[in-house]
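Trainee:
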Amino acid sequence: MNAIATGAFVLPPLKGRVEAQADLGALTWFRVGGPAEYLVKPADARDLAQFLAALPEDVALTVVGAASNLIIRDGGIAGVVIRLARGFSAVTVEADGIVCGAAALDATVAEHAAAAGLAGLEFLSGIPGSIGGAVAMNAGAYGSDIKACLDWVEIVTRQGEELRLSAEDLHLSYRHSQLPPGGVVTRARLRAMPGDQTLIAARMAEIRDSRTKTQPVRARTGGSTFANPPGQKAWELIDAAGCRGLVRGGAQVSELHCNFLLNTGGATAADLEGLGEEVRRRVMEATGVSLAWEIKRIGQNLPRVAVVA
């Protein structure tokens, strides 16, 4: 477990894995984006804490989860990108809840709860992504959200301190949580209650069927693009502005659900983000409503190349 020398700085020792110039686009659901200068996969929470405690403060740090609701720009990400993997995916069933690692997929946690006859977490079966990301953005769908079921969350701070915070400490609101700056979610406990397994299974089947019929689940997409404005639905505003099916390069607004952007095969991150901004512009012009991005966009754009006639 030796320190790793790089061109600009020295990475602290790590039991996990480090990859230089790692292809991040392959990790995202959109399948676009540039490389990470260094992609770091810690072995466990202690490994992560020791690494962050020794990482120089001036080294840029970015955390990515399942990358289901994320656009990584074409120029990639400088510094260190943290991605939690196998050592953070454990799921433990308790009498009245689930304790799960941040890398556990939302749907996997819902399935464990259903198998144990625990109700209240069925909504997770309809959310693409992992528990860490779900906590960080207070993910929600199908009538519930993380705020409704979170007991506590364990994090590692940017300074390498391991903390357990209550749900109240996060001040959860619509698609937002107040995690400490640079904090990395490592584990969480979600409340549940004993329920009828048949009813739980039926609800999850209903959610899966609804997603299949109303969302482009088999496409290269990233989940809901824009948050719903208070009292309104983003997709209705987008549709009213005439953006259903709108195309930019290899990116398209879904015909099935127009709050989803698609990579139709050859899109760049710039195509997707540019299309989203065009949708925002048209919705503002048509309705006076400013849509807020729900998909996160991170990293650097590629420099524009001047064309000389």
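The opening position of the sequence shown corresponds to residue 1 in the UniProt record's numbering, with each subsequent residue numbered one higher.
Beta carbons are placed, not taken as given, at the ideal position from N, Cα and C, and that holds for glycine.
Just so we're clear, the structure is a prediction, and the values are computed from it rather than from any experiment.
Which one or two residues does DSSP pair with His176 in a beta bridge?
Mentor: Ser173
Trainee: Quick one: using the 10 Å Cβ neighbour count with 16 as the cut-off for buried, is His257 buried or exposed?
Mentor: buried
Trainee: Is the separation between the beta-carbon of Gly249 and that of Ala270 shorter than 9 Å?
Mentor: Yes, the pair counts as a contact, with Cβ atoms nearer than the cut-off.
Trainee: Looking at the structure shown, is Trp235 part of a helix, part of a strand, or coil, going by DSSP?
Mentor: Correct three-state label for Trp235: helix.
Trainee: Let me confirm a value: Leu84 is counted as buried when at least 16 other C-beta atoms fall within 10 Å, else exposed. Which label applies?
Mentor: buried
Trainee: Would the C-beta of Gly79 count as close to the ligand FMN, meaning under 8 Å from any of its heavy atoms?
Mentor: The ligand FMN is absent from the structure shown, which contains no ligands of any kind.
Trainee: With three or more C-beta pairs closer than 8 Å as the rule, is the stretch 152–168 touching the stretch 40–49?
Mentor: yes
Trainee: Tell me whether the beta-carbon of Leu55 lies closer than 9 Å to the beta-carbon of Val80.
Mentor: yes
Trainee: Compare the beta carbon distance of Gly143 and Gly195 with 9 Å and say whether it is the shorter of the two.
Mentor: no
Trainee: Look at Met137 and Arg175 and say whether their C-beta atoms are less than 9 Å apart.
Mentor: yes
Trainee: Assess contact between the stretch 98–107 and the stretch 178–196, defined as three or more Cβ pairs (one per stretch) separated by less than 8 Å. Is contact present?
Mentor: yes
Trainee: Return helix, strand or coil for Glu206, following the three-state DSSP convention.
Mentor: helix
Trainee: Thr62 by DSSP, collapsed to three states: which one?
Mentor: Reduced to three states, the DSSP call for Thr62 is strand.
Trainee: Distance check for Pro42 and Ile146, CA to CA, integer angstroms please.
Mentor: Taking C-alpha positions only, Ile146 is separated from Pro42 by approximately 25 Å.
Trainee: Quickly, what does DSSP pair Cys100 with across the bridge? List them, please.
Mentor: Answer by DSSP bridge pairing, in chain order: Val91, Ala188.
Trainee: Which residue from Ser254, Thr28, Leu14 puts its Cα closest to that of Ile298?
Mentor: Thr28
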